[in-house]
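Count the sequence shown with our numbering and you get residues 103 to 358, in order.
Below is one structure, written out as structure tokens; the observations come after it.
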Amino acid sequence: MQTLILQPHGPVLVIRLNRPEALNALNQQMLAELTQALTAADANPSVRCIVITGSDKAFAAGADVKEMVQMSYADVAAADLYGPAAQTIARIRKPIVAAVSGYCLGGGCELAMLCDFILASDTARFGQPEINLGIIAGMGGSQRLTRLIGKSKSMEMHLTGRMMDAVEAERAGLVARIIPMADLVTEAVKTATIIAGKSLLAVRAAKESVNRALEVPLSEGLLFERRAFHSCFATEDQTEGMQAFLEKRPANFTDK
Ligand code: DAK
């Protein structure tokens, strides 16, 4: 991997975007390596939760403008630029935490929103500044940001290209929690380790159910959740979790 650093922390895999010379701008090589690393982690039983992070200065400052500047409509359409990568990331079944410090712009913000939730450092700055380049968001920004923070704020950000700081992003619902920059990755790994200690069957069911809320009408989402809830009772982990609670001991989940 030339554009990523992979750091296992027990059951948590930290994937660090590593193109510091370009503020982690996402080029095709980085997206290919990222999808490869995520797909491998999803299939690897020793990985139970994934953290994606960048540097203190930038999670990712967007798609790589230097790579895109000469592309024509025909090039972008023929390659379906970034489409397959975004779909692969969205289909990862294990939980992914985005730990965001510094600039999180354009494709970088879209990547963060493809993760399951965002932990932000107090220096994080989010934006969809594609409008400044004569283009629009293309990896889900206009759809996911609007669902997360509402039409008015999303529209303002997409039309003006302005950035939002961490406090505004948390208030708006884009960010789960703000953490001091020096502690960001440690805290993200701590949070991911808590998730890694749960039943993976229940974790997947929870992830799928929450994601349904953004995809389907309420009645369909409620039905999906109810069926997923019922299916938890087919697992040994449900018995173990409830027995452990009653016996006042930690649960020992086996993903069965
Ligand atoms: N691409 C390429 N290089 C970038 C970059 C980017 N997005 N952002 C920064 N860099 C590079 C700079 O060019 C500079 O490189 P050198 O000039 O030293 O070679 C280096 O990183 C440091 O950047 P600055 O010197 O500009 O650093 P500052 O601290 O002064 O400013 C900044 C930081 C983040 C405010 C500034 O770099 C900036 O405005 N960057 C561009 C942000 C941006 O416009 N992001 C959106 C990119 S467009 C699609 C799907 C998705 C997308 C498109 C299509 N399809 C499905 C078709 C997504 C598009 C985008 O994300």
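Built from N, CA and C at the ideal position, the CB exists for glycine as well.
Distance cut-off 7 Å: residue i Cβ against heavy atoms of the ligand SAM
i: Ile-191; result: Absence of the ligand SAM is noted for the structure shown, with the ligand DAK being the only ligands found.
Per DSSP, cross-strand counterpart(s) of residue i
i: Val-223; result: The question names Val, yet the displayed sequence has Ser at residue 223. For Ser-223, which the question treats as bridged, DSSP gives the partners Ile-281.
i: Cys-206; result: Ala-162, Phe-228
i: Arg-118; result: Ile-107, Thr-155
i: Leu-128; result: Ala-165
i: Met-170; result: According to DSSP, which records beta bridges pairwise, Met-170 is partnered with nothing at all.
i: Ala-201; result: Thr-155, Leu-221
i: Asp-339; result: Paired residue(s): none; Asp-339 is not in a bridge.
i: Asp-267; result: Arg-227
Best match in the options for proximity to residue i [C-alpha to C-alpha]
i: Glu-232; options: Leu-207, Lys-196, Glu-169, Ser-254; result: Leu-207
i: Gly-242; options: Pro-282, Leu-276, Ala-188, Gln-130; result: Ala-188
i: Pro-282; options: Leu-276, Arg-273, Ala-268, Ala-274; result: Ala-268
i: Ala-124; options: Leu-303, Thr-141, Thr-105; result: Thr-105
i: Leu-140; options: Ala-176, Leu-216, Gly-252, Thr-288; result: Leu-216
i: Tyr-184; options: Gly-164, Gln-172, Leu-325, Ala-294; result: Gly-164
i: Ile-251; options: Met-265, Ala-239, Gly-236, Glu-272; result: Glu-272
i: Met-266; options: Pro-186, Ile-237, Thr-225, Leu-286; result: Thr-225
i: Ile-194; options: Asn-234, Ala-239, Ala-142, Ile-237; result: Ala-142
i: Thr-288; options: Ser-244, Phe-331, Leu-221; result: Leu-221
Backbone secondary structure at residue i - three-state DSSP
i: Ala-180; result: helix
i: Leu-108; result: strand
i: Ile-194; result: coil
i: Asp-144; result: helix
i: Arg-329; result: helix
i: Glu-349; result: coil
i: Glu-289; result: helix
i: Gly-251; result: Reading the sequence as shown, one finds Ile at residue 251 and not Gly. In the structure shown, Ile-251 sits in a helix (DSSP, three-state: H, G or I).
CB contact check: residue i to chain B, cutoff 8 Å
i: Lys-309; result: Absent from the structure: chain B. Only one protein chain is present.
Spell out a yes or no on whether the segment 117–127 and the segment 145–157 are touching, meaning 3 or more CB-CB pairs, one atom from each, closer than 8 Å. Yes: at least three Cβ pairs fall under 8 Å.
Are the segment 348–358 and the segment 292–305 touching by the rule of at least three beta carbon pairs closer than 8 Å? Counting Cβ pairs under 8 Å, three or more are found: they touch.
Contact between the segment 187–201 and the segment 287–302: three or more CB pairs below 8 Å? Flag = yes, the segment 187–201 and the segment 287–302 touch.
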